[in-house]
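First the structure, in the form of structure tokens, and then the observations on it.
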Amino acid sequence: MIKNLIRKVHLWLGLASGIIVFIVSVTGCLYVFNNEIQGQLRKQAIWNEGPKQEHLPLEELWGKAARYFGEDKAIGWANLYRNPSKNWVFYTYKSNPEKLTYFGMIEHYESVYINPYTGEIAGSYDEEKDFFSVVKFLHWSLLLRTPIGQPIVGWSTFIFVILLITGLVLWWPKSLKKANNRFWISWRKKTTAYRKNYDLHNVLGFYSLFFGLIIALTGMVWSFKWFKAFVYVLAAGTATAPEPLVANSVVGESAHETPMELALEKAREEFPHAAGFRISPPREAADPLRIYVREKEGVYYRSAELLFDQYTGELLRLKKHEDKNFGEKLITANYDIHVGAILGMPGKILAFLVSLFCASLPVTGFLMWWKKRKLRQDFI
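Here this note's numbering = 1-based position in the sequence shown + 806.
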């Protein structure tokens, strides 16, 4: 009785969310190796021959990027790297949140790679039309603006979590003897298409269960503020939110000639082994200059943030990885867990395979339902 109810819940929730789960799983599968693939496709733009002199002042490079983009396209952020053979990347981004779709919403989203030693333009890209940007926003919000698309993705992911749990209940064998046939696929020449779909659904569903749950739950952290808060409270052991890192620049203070360069030097002194720095310029007169630190290459879980006076380059606030409680660290690591990068390349391969398995589940589930439905109609 209960199992029949669970079976019906599993079926109808699967049919309701299947197409979204398929899209999100496939795009997630594609995006896992974004950095590695882009690293090859943009090799000429990313790398330089190495330093023959000190890098040019950040203000000078910022000015070159600003002139390249034009007056109507402000620089939104820049990524700078410790590796001396990597060029620095400057981005400009502007969106119209009133538009419905991704391509209508983005007014411009571009990048330019600049050699930090010579100031030469190494390459530029229209990020809006980049394959992986489209894949990312399809994964994020189905190419719809976030307030509309992300709840659809979020609730479909929530349903997928229920499907994984109910699927395990339905998979669970009545005896150990019957369990042997549920761990692997064994087909013969006479095996029907329905049986093949059934086996694929059961076996791949079982092996993707644990890591599929991790991927789904970390995805829900971005979709729902309440779930993110729940994860934080559970990990931190307190309902008190972490103190936001805020500070103000002193308007009218005697300005340093190169405050951004000075701020970068201080950030490097604080984190001499950091893989990279992301600089976000102030928007208002009293806003600080923000520098985000990535301490390790390819991951975000070890990060820090510094706030500087935008006029003098004086360090105002600093929050290191060690200053965060476990809840903050877990939220910071969410992306790395989601894509498997927390375990290095083996973890990313695992995330790729699990996403692929998850994408197959709504397909095999639908085919089984369609076959049964067709048989019933033929019988009637």
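Cβ atoms here follow ideal geometry from the backbone N, Cα and C, with glycine treated the same way.
Owing to the predicted nature of the structure, the values given are computational and were not obtained by experimental measurement.
Limits of the unbroken alpha helix (DSSP H) element including Gly973: Annotation for Gly973: the continuous alpha helix (DSSP H) segment containing it runs Thr952 to Trp977.
Same chain only: Cβ atoms within 8 Å of Arg848, ignoring 5 sequence neighbours per side: Tyr919, Gly929 and Tyr931
Pro857 versus Pro890, Asp1142 and Lys879, residue with shortest Cα-Cα distance: Pro890
Test item: CB-CB of Tyr1098 and Asp1142 under 8 Å: Not closer than 8 Å, so no.
Residue from Glu1090, Val1027 and Glu1134 with nearest C-alpha to Pro1050: It is Glu1134 whose Cα lies nearest to the Cα of Pro1050.
Identified DSSP bridge partners for Ala884: Phe896 and Ile1085
For Ala1041 and Leu1136, believed in contact at Cβ under 8 Å, the rounded distance: 4 Å
Proximity to Leu1156 [Cα-Cα], best of Tyr874, Ile1021 and Tyr908: Ile1021
Residue(s) in a DSSP beta bridge with Ile920: Answer by DSSP bridge pairing, in chain order: Trp894 and Ile927.
Separation of Val959 from Gly876, as counted between CA atoms: 36 Å
Whole-angstrom distance between Ile843 and Pro957, CA atom to CA atom: Cα-Cα distance, rounded: 29 Å.
Pair within 8 Å by beta-carbon distance, Val1169 and Ser1014: no
Through-space distance from Lys1178 to Gly824, alpha-carbon basis: 17 Å
Nearest-angstrom Cα separation, counted from Ser962 out to Glu865: 46 Å
Proximity of Ala822 and Ile971 at Cβ, strictly below 8 Å: Contact flag unset, no.
Span of the beta strand (DSSP E), counted from its first residue to its last, around Ser947: Where Ser947 is concerned, there is no enclosing beta strand (DSSP E), although the alpha helix (DSSP H) it sits in stretches over Phe937 to Ser947.
For Tyr1038, the three-state DSSP class (helix, strand or coil): DSSP, read as helix, strand or coil, puts Tyr1038 in helix.
Buried versus exposed call for Phe896 [16 or more other C-beta atoms within 10 Å across all chains shown]: buried
For Ala1110 and Val1211, the rounded distance between their alpha carbons: Since the displayed the chain opens at 807 and closes at 1186, residue 1211 lies outside it and no answer follows.
Arg1096, buried or exposed, once every other Cβ within 10 Å from all chains shown has been counted against 16: buried
Buried/exposed call for Glu916, threshold 16 Cβ in 10 Å: Buried.
Paired residues, beta bridge with Val1099 - DSSP: Paired residue(s): Phe1083 and Ala1110.
C-alpha distance - Met1066 paired with Gln1116, whole-angstrom precision: 7 Å
Contact belief for Val941 with Thr833 at Cβ below 8 Å, rounded distance in angstroms: Sure, about 5 Å apart at Cβ, within 8 Å.
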